[in-house]
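Colleague: Just passing along the structure, written as structure tokens.
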Amino acid sequence: MQRHSRREFLAHSAVAAGAFAFGVQPGSQLQAAENSGSGDMAVARWQGTGTPDEKQFKELSVKLTERAIDALGGMKRFVGRGAVVWIKPNIAFERKPEFAATTNPDVVATLVRLCFDAGAKTVRIGDNPVHDARRTYPASGIPEAVEKFGAEVVYLDRARTREMKVDGERLKMHPVFPEMIECDLMINVPIVKHHGLARATMCMKNYMGVVENRRLFHQDIATCVADITRFMKPKICVLDATRVLLRNGPTGGKIEDVEVQMQVAAGTDPVALDSWGAERLGMKPNEIGTITKGQEFGLGKMDYRSLALREVAVV
Amino acid sequence: MSGASRMPRGPRLRGAVQAASLILFLWLLFTARQKPGADLPSFSGLFFWIDPLILVATFLAAHAVPVLLLSAIATILVTLVAGRVFCGWICPFGALHSAIGWVCDRIWPKSRKREHWSGWQRAKYYVLAGFIAMALLGGHWVTIFDPIVLLYRSTTAAVLPGLQWTVEESSTALFQWDLKLGPLKPSAVTEPCRKFLREHLFAVDGQAFIGSELILVVFVGLLAANAFRRRWWCRYACPTGALLGLLSIRPLLRRALVESKCTKCDLCSANCQGNAADGDGSGWRPSECFVCLNCASACRRNSLAFGWKWPWHREPVVTAIGLSRRAMIISAVGGVCTLWFFRSSPLASSKRLGYQARGLVFEPSLIRPPGARAEREFIQRCTACGVCIKVCPTGGLQPCVLEAGLEGLWTPRLVPQLGHCAYDCNLCGQVCPTQAITPLKLEEKKKFKLGLAAFDTTHCIPHAYGRDCMVCEECCPVPEKAIYFIETRIVTRTGEQRTVKLPHVDADLCIGCGVCENVCPLRGNPGIRVTNANESRNPANQPILTER
Numbered sequence: 000m001q002r003h004s005r006r007e008f009l010a011h012s013a014v015a016a017g018a019f020a021f022g023v024q025p026g027s028q029l030q031a032a033e034n035s036g037s038g039d040m041a042v043a044r045w046q047g048t049g050t051p052d053e054k055q056f057k058e059l060s061v062k063l064t065e066r067a068i069d070a071l072g073g074m075k076r077f078v079g080r081g082a083v084v085w086i087k088p089n090i091a092f093e094r095k096p097e098f099a100a101t102t103n104p105d106v107v108a109t110l111v112r113l114c115f116d117a118g119a120k121t122v123r124i125g126d127n128p129v130h131d132a133r134r135t136y137p138a139s140g141i142p143e144a145v146e147k148f149g150a151e152v153v154y155l156d157r158a159r160t161r162e163m164k165v166d167g168e169r170l171k172m173h174p175v176f177p178e179m180i181e182c183d184l185m186i187n188v189p190i191v192k193h194h195g196l197a198r199a200t201m202c203m204k205n206y207m208g209v210v211e212n213r214r215l216f217h218q219d220i221a222t223c224v225a226d227i228t229r230f231m232k233p234k235i236c237v238l239d240a241t242r243v244l245l246r247n248g249p250t251g252g253k254i255e256d257v258e259v260q261m262q263v264a265a266g267t268d269p270v271a272l273d274s275w276g277a278e279r280l281g282m283k284p285n286e287i288g289t290i291t292k293g294q295e296f297g298l299g300k301m302d303y304r305s306l307a308l309r310e311v312a313v314v
Numbered sequence: 000m001s002g003a004s005r006m007p008r009g010p011r012l013r014g015a016v017q018a019a020s021l022i023l024f025l026w027l028l029f030t031a032r033q034k035p036g037a038d039l040p041s042f043s044g045l046f047f048w049i050d051p052l053i054l055v056a057t058f059l060a061a062h063a064v065p066v067l068l069l070s071a072i073a074t075i076l077v078t079l080v081a082g083r084v085f086c087g088w089i090c091p092f093g094a095l096h097s098a099i100g101w102v103c104d105r106i107w108p109k110s111r112k113r114e115h116w117s118g119w120q121r122a123k124y125y126v127l128a129g130f131i132a133m134a135l136l137g138g139h140w141v142t143i144f145d146p147i148v149l150l151y152r153s154t155t156a157a158v159l160p161g162l163q164w165t166v167e168e169s170s171t172a173l174f175q176w177d178l179k180l181g182p183l184k185p186s187a188v189t190e191p192c193r194k195f196l197r198e199h200l201f202a203v204d205g206q207a208f209i210g211s212e213l214i215l216v217v218f219v220g221l222l223a224a225n226a227f228r229r230r231w232w233c234r235y236a237c238p239t240g241a242l243l244g245l246l247s248i249r250p251l252l253r254r255a256l257v258e259s260k261c262t263k264c265d266l267c268s269a270n271c272q273g274n275a276a277d278g279d280g281s282g283w284r285p286s287e288c289f290v291c292l293n294c295a296s297a298c299r300r301n302s303l304a305f306g307w308k309w310p311w312h313r314e315p316v317v318t319a320i321g322l323s324r325r326a327m328i329i330s331a332v333g334g335v336c337t338l339w340f341f342r343s344s345p346l347a348s349s350k351r352l353g354y355q356a357r358g359l360v361f362e363p364s365l366i367r368p369p370g371a372r373a374e375r376e377f378i379q380r381c382t383a384c385g386v387c388i389k390v391c392p393t394g395g396l397q398p399c400v401l402e403a404g405l406e407g408l409w410t411p412r413l414v415p416q417l418g419h420c421a422y423d424c425n426l427c428g429q430v431c432p433t434q435a436i437t438p439l440k441l442e443e444k445k446k447f448k449l450g451l452a453a454f455d456t457t458h459c460i461p462h463a464y465g466r467d468c469m470v471c472e473e474c475c476p477v478p479e480k481a482i483y484f485i486e487t488r489i490v491t492r493t494g495e496q497r498t499v500k501l502p503h504v505d506a507d508l509c510i511g512c513g514v515c516e517n518v519c520p521l522r523g524n525p526g527i528r529v530t531n532a533n534e535s536r537n538p539a540n541q542p543i544l545t546e547r
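Read top to bottom, the protein sequences are chains A and B. Here the first sequence is numbered in numbering that gives the first Met the number 0, starting from 0 and rising by one per residue. Here the second sequence is numbered in numbering that gives the first Met the number 0, starting from 0 and rising by one per residue.
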């Protein structure tokens, strides 16, 4: 039995009490959380009803992220001492976080903290947005949230990409941002969104922010995204479904298109996570080209339930 | 009034004020950039507000007086009292000329000719007369030669982008070269410098402006003229200087010459910045004097001093510039003819319903910034100062070359391929010193139509080549999406049936921000283009009936 800190003990007790209060069987789910060994995928879900208010939303986002990573075996499983970590949220568009076009800043900030707690030397945050980064970054609220924990916000320079051997089915050589490759670990932390063309944008599609010259990808988005995902060799992805964008994605802009779902998933398999995310949008995973292509490429399993799935309840 | 004083330290004080003024000007220019979570300094338009030429021209041409421009009345009063102090002490362009003249004096001390008043200095008054006649008929063109405007535009559109290009390219080259000089690594120094400049000086990566070559040539030419005649621009050409010269024909601050002490050594004239007097120190023309105080400080025998006099005092005498009525009339006629010439162009603005091109033709690429007034009103206010193109966060606002006719030279337009109109931004309207671009609230701005996007189905990828694309739809910022797609069955070359998502534009929703054109994979000749059709500012250019 591993030792628990007081904070962890309190958190776990709270979860147990809450789950009990809401009539959840304190058996299977919690057991999985307690035994936090090495799961391939973990989902943390808020058990409350209704919509949390702003303050509660922030607290829950933090807690959900912590619990999902815990259930996956903790950040130490991925981050070595002195590691340089790149966290790659989706900051593609100039929208405020409540429009669910960009990753929840509290989820990102929590990951930063967990990385530093696990012994990371440097944590960098950055994306290659569609709009100008000087507008998308501040609008997303992410720089403000992560700089508190000492992360370095990087404004990538499009003049400084490097042609790299992607060696995919479509993409052979492609301009990639070297900073994102030259790190010990990349944590991919996208948000679950509808997408006009690809139907949904989640973990795999978020890797498009690692490359330049991607406008032509859209003509065969599934293969291009799968090529880049294979090139990136995902080690850990965290999928933010605290808010999801159900329609008019990936840009959004209407609050009615946003649904607060209060769930965070983490895992090592981007295809499985994307399948889980597709269901959050009310879609079937096999309807989504990137997911079927990802499975075909051997990047993961579409049937995420067949993995060692750990579900954690949060109150 | 009080007696005359020699002010031996006058020139030094003046130099300090000039330097401070130039630094303040540049600071306001550098800070005129998007900064998340922080507004621009509230006085960012200060130098435009105190410029009397902009006030006069806007009042005459547009019959409008933007409130903040009334600050220029202070300059007018100061000029009536003390002469062209604005030129000698405040004007940042004048300060730059002073500085360059000072450097020229150090480089070629022997070539420092003893220049005296020249009749050619009257040229600026005649040019101003032409411009004023033009302004009376609604032509606002004079302001593009205003010194504040000239300096702002040249720095913004030519000097800064050149500096930025140099910094970006050279630092990237050093960074990628990865050079090591023994223990030294140049990129260890250049990278932090580049990062600092990128965060604090340059607004947009790789920013560049169309036609900046011409702007640079004019600017460098005017600065280089100092080698030929010190402060050439201020003495011979500046229309603001001419206006202030007319106001200071008989100021209260006058220069007195004590003839008994004077040896006619000519030191005063040799040091004069404005060539305000004849060779022997007599014939002082207050209209040409910048009150730089060089003469009083240079005189070895204390025979010169500035002092206060009431207007009815005859002594000390002042010399008139001696403008000829005939030349004034010829200039005025010339100004009117120039305006007719401008307005007879097919690209010129027209008053009728805001039609362009004498009411018939539209230049489709003339997409004005959000909140811009109808074309005629716009052109009657726009000074082509370039503050809007400076603050535009995407670098999409560009100076016109001839898209709006010669009358619209260097006025702003959106070039979507270089940068779109950012949905959550209304900076251009906030900074416009003459409100040629009206300040819109963000909610109003999001509804203001700059134009309309249209697919060119002859080469738009889904339309012409049957492949899904939709980058434009993805980036459309209108929440309901002004670009939508219809799944259409098409037949390929081999006879195979395929479903393609064909994109279309919703004319009711499209605001013409141009992000679709900006992100289209077809560079150079995008498959979707924005024209100024449907622009909110021009009822005559709204050909499509709304359905909602």
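Don't be surprised by glycine CBs; every beta carbon is placed ideally from N, CA and C. Since this is a predicted model, take the numbers as computed values, not measurements.
Considering only their Cβ atoms, is the gap separating T74 (chain B) from P65 (chain B) smaller than 8 angstroms?
Modeller: Locating residue 65 (chain B) in the second sequence gives position 66, where the first residue counts as 1. Locating residue 74 (chain B) in the second sequence gives position 75, where the first residue counts as 1. Against a cut-off of 8 angstroms, the Cβ pair of T74 (chain B) and P65 (chain B) comes out as no contact.
Colleague: Alpha carbons only, please: which of B:A435, B:A452, B:P392 and B:A463 is nearest the one belonging to L426 (chain B)?
Modeller: Numbered from its first residue, the second sequence carries residue 426 (chain B) at position 427. Here the closest residue by C-alpha is B:P392.
Colleague: In the stretch 465 to 491 of chain B, which residues sit with their C-beta less than 8 angstroms from some C-beta in chain A, listed in chain order?
Modeller: Correct list: R466, D467, C468, M469, V470, E472, E473, C474, C475, P476, V477, P478, E479, K480 and F484.
Colleague: Considering only C-alpha positions, which residue in the set B:L159, B:G9, B:S323 and B:V148 is nearest to H199 (chain B)?
Modeller: As a first step, residue 199 (chain B) must be located in the second sequence, where it is residue number 200. Nearest C-alpha to H199 (chain B): B:L159.
Colleague: I need the straight-line Cα distance from T318 (chain B) to P285 (chain B), nearest angstrom please.
Modeller: As a position in the second sequence, residue 318 (chain B) is number 319, starting the count at 1. As a position in the second sequence, residue 285 (chain B) is number 286, starting the count at 1. T318 (chain B) and P285 (chain B): Cα-Cα distance of roughly 8 angstroms.
Colleague: Based on the DSSP output, what are the partners of E486 (chain B) in its beta bridges?
Modeller: For the purposes of this step, residue 486 (chain B) is taken as the residue at position 487 of the second sequence. B:K500.
Colleague: Measure the Cβ-Cβ separation of N301 (chain B) and K260 (chain B) and say whether it is below 8 angstroms.
Modeller: What you label residue 301 (chain B) is simply residue 302 of the second sequence in a count that begins at 1. What you label residue 260 (chain B) is simply residue 261 of the second sequence in a count that begins at 1. Their beta carbons are under 8 angstroms apart, which means N301 (chain B) touches K260 (chain B) by this criterion.
Colleague: I need the boundaries of the beta strand (DSSP E) containing Q262 (chain A), first residue and last residue.
Modeller: As a position in the first sequence, residue 262 (chain A) is number 263, starting the count at 1. V257 to G266 is the extent of the beta strand (DSSP E) around Q262 (chain A).
Colleague: Please state whether the Cβ-Cβ distance between L548 (chain B) and L135 (chain B) is less than 8 angstroms.
Modeller: This structure leaves residue 548 (chain B) out entirely; chain B is present only between 0 and 547.
Colleague: Looking at the C-beta of E65 (chain A), does it have a partner C-beta in chain B at a distance below 8 angstroms?
Modeller: In the first sequence, residue 65 (chain A) corresponds to position 66, counting from 1. Output row for E65 (chain A): interface = no.
Colleague: Can you check which of these residues, B:E473, B:I489, B:Q496 and B:C233, is closest to H194 (chain A) by C-alpha distance?
Modeller: Translated into the one-based positions of the first sequence, residue 194 (chain A) becomes position 195. Comparing Cα-Cα distances from H194 (chain A) to each of B:E473, B:I489, B:Q496 and B:C233, the minimum goes to B:E473.
Colleague: Keeping to the same chain, check which residues put their C-beta closer than 7 angstroms to that of W119 (chain B); ignore five residues upstream and five downstream.
Modeller: Position 120 of the second sequence, counting from 1, holds the residue named residue 119 (chain B). Within the same chain, W119 (chain B) has close Cβ partners Y235.
Colleague: Hey, is Y422 (chain B)'s beta-carbon within less than 8 angstroms of any beta-carbon in chain A?
Modeller: Taking the second sequence and counting its residues from 1, the one referred to as residue 422 (chain B) is at position 423. With 8 angstroms as the cut-off, Y422 (chain B) counts as an interface residue toward chain A.
Colleague: Just tell me which of B:P345, B:K389 and B:I366 has its CA closest to the CA of V414 (chain B).
Modeller: The residue given as residue 414 (chain B) occupies position 415 in the second sequence. Answer by Cα proximity: B:I366.
Colleague: Strictly by DSSP, which residues pair up with E151 (chain A)?
Modeller: If you number the first sequence from 1, residue 151 (chain A) lands on position 152. The partner list for E151 (chain A) (beta bridge, DSSP) reads A:R123.
Colleague: Give a yes or no on whether the minimum CB-CB distance between G149 (chain A) and chain B is below 8 angstroms.
Modeller: Indexing the first sequence from 1 puts residue 149 (chain A) at position 150. Taking Cβ atoms only, chain B never reaches closer than 8 angstroms to G149 (chain A), which makes this a no.
Colleague: Is the stretch 318 to 333 of chain B touching the stretch 272 to 285 of chain B in the sense that three or more CB pairs, one from each, lie closer than 8 angstroms?
Modeller: Yes, they touch.
Colleague: For a contact defined as C-beta to C-beta under 8 angstroms, what are the partners of V209 (chain A) on chain B?
Modeller: For the purposes of this step, residue 209 (chain A) is identified with residue 210 of the first sequence, where counting begins at 1. Going along chain B, no residue has its Cβ under 8 angstroms from V209 (chain A), so there is no contact; the nearest lies around 18 angstroms.
Colleague: Does the beta carbon of I460 (chain B) sit closer than 8 angstroms to a beta carbon anywhere in chain A?
Modeller: As a working note, residue 460 (chain B) is residue 461 in the second sequence. It does; some Cβ of chain A falls within 8 angstroms.
Colleague: For A421 (chain B), tell me which candidate among A:L155, A:R157, A:R133 and A:V259 has the shortest Cα-Cα distance.
Modeller: Numbered from 1 along the second sequence, position 422 holds the residue referred to as residue 421 (chain B). For the residues A:L155, A:R157, A:R133 and A:V259, the minimum Cα distance to A421 (chain B) belongs to A:R133.
Colleague: Check whether the Cβ of H193 (chain A) lies closer than 8 angstroms to any Cβ atom in chain B.
Modeller: Against the first sequence, residue 193 (chain A) aligns to sequence position 194. Chain B, which has no Cβ nearer than 8 angstroms to the Cβ of H193 (chain A), makes this no.
Colleague: On the criterion of 16 or more Cβ atoms from any shown chain inside 10 Å, does A32 (chain A) qualify as buried, or is it exposed?
Modeller: The count along the first sequence starts at 1 and reaches residue 32 (chain A) at position 33. Confidence at A32 (chain A) is low in this model, with a pLDDT of 39, below 50, so the placement of that residue is unreliable and no value is reported for it.
Colleague: Could you name the residues of chain B that R214 (chain A) contacts, counting a contact when the two beta carbons are closer than 7 angstroms?
Modeller: Taking the first residue of the first sequence as 1, we reach residue 214 (chain A) at position 215. Residues of chain B passing the Cβ test: V470, V518 and P520.
Colleague: Could you tell me whether the stretch 269 to 284 of chain A touches the stretch 191 to 210 of chain A, using the rule of 3 or more Cβ pairs below 8 angstroms?
Modeller: A contact exists between the stretch 269 to 284 of chain A and the stretch 191 to 210 of chain A.
Colleague: What does the Cβ neighbour count give for Y136 (chain A), buried or exposed, with the cut at 16 atoms within 10 Å?
Modeller: Taking the first residue of the first sequence as position 1, residue 136 (chain A) is located at position 137. It is buried - the Cβ of Y136 (chain A) has at least 16 other Cβ atoms within 10 Å.
Colleague: How is N301 (chain B) classed by DSSP in three states: helix, strand or coil?
Modeller: Locating residue 301 (chain B) in the second sequence gives position 302, counting from the first residue. Here N301 (chain B) sits in coil by DSSP.
Colleague: Which residue or residues does DSSP assign as beta-bridge partners of Q397 (chain B)?
Modeller: For this step, residue 397 (chain B) is matched to residue 398 along the second sequence. Q397 (chain B) pairs with B:R412.
Colleague: Quick one: Cα of L21 (chain B) to Cα of V243 (chain A), how far?
Modeller: Position 22 of the second sequence, counted from the start, is the residue given in the question as residue 21 (chain B). Position 244 of the first sequence, counted from the start, is the residue given in the question as residue 243 (chain A). Near 52 angstroms, if we compare the C-alpha coordinates of V243 (chain A) and L21 (chain B).
Colleague: Please report whether the beta-carbon of P189 (chain A) lies at a distance below 8 angstroms from any beta-carbon of chain B.
Modeller: Taking the first sequence and counting its residues from 1, the one referred to as residue 189 (chain A) is at position 190. No, P189 (chain A) lies away from the interface with chain B (no Cβ there is under 8 angstroms from its Cβ).
Colleague: I378 (chain B) and T410 (chain B) look like a contact to me (Cβ under 8 angstroms); what is the Cβ gap, rounded to whole Å?
Modeller: Residue mapping note: residue 378 (chain B) aligns to position 379 of the second sequence, counting from 1. Residue mapping note: residue 410 (chain B) aligns to position 411 of the second sequence, counting from 1. At roughly 7 angstroms, the Cβ-Cβ gap stays under 8 angstroms, so I378 (chain B) and T410 (chain B) are in contact.
Colleague: When the Cβ atoms of the stretch 138 to 153 of chain A are set against those of the stretch 88 to 103 of chain A, are three or more pairs found closer than 8 angstroms?
Modeller: Touching, per the Cβ criterion.
Colleague: Just grab the DSSP bridge partners of N187 (chain A) for me.
Modeller: Stepping through the first sequence from its first residue, residue 187 (chain A) is reached at position 188. Looking at the DSSP assignment, N187 (chain A) forms a beta bridge with A:K87 and A:C236.
Colleague: For I527 (chain B), which three-state DSSP category applies?
Modeller: By 1-based counting over the second sequence, the position of residue 527 (chain B) is 528. I527 (chain B): strand per DSSP, three-state reduction.
Colleague: Pull up the distance between the alpha-carbon of Q355 (chain B) and that of F361 (chain B), whole angstroms please.
Modeller: Taking the second sequence and counting its residues from 1, one reaches residue 355 (chain B) at position 356. Taking the second sequence and counting its residues from 1, one reaches residue 361 (chain B) at position 362. Low confidence applies here, because Q355 (chain B) scores a pLDDT of 47, under 50, leaving its location unreliable; read the following figure in that light. Straight-line Cα distance between these residues: approximately 6 angstroms.
Colleague: Taking 6 angstroms as the limit between beta carbons, can you name the residues of its chain near V257 (chain B), skipping five residues before and five after?
Modeller: Along the second sequence, read from residue 1 onward, the residue named residue 257 (chain B) stands at position 258. The answer, listed in chain order, is S302.
Colleague: What residue from A:P269, A:V210, A:T50 and A:A41 has the CA that sits closest to E258 (chain A)'s CA?
Modeller: Stepping through the first sequence from its first residue, residue 258 (chain A) is reached at position 259. Of A:P269, A:V210, A:T50 and A:A41, the residue nearest in Cα terms is A:T50.
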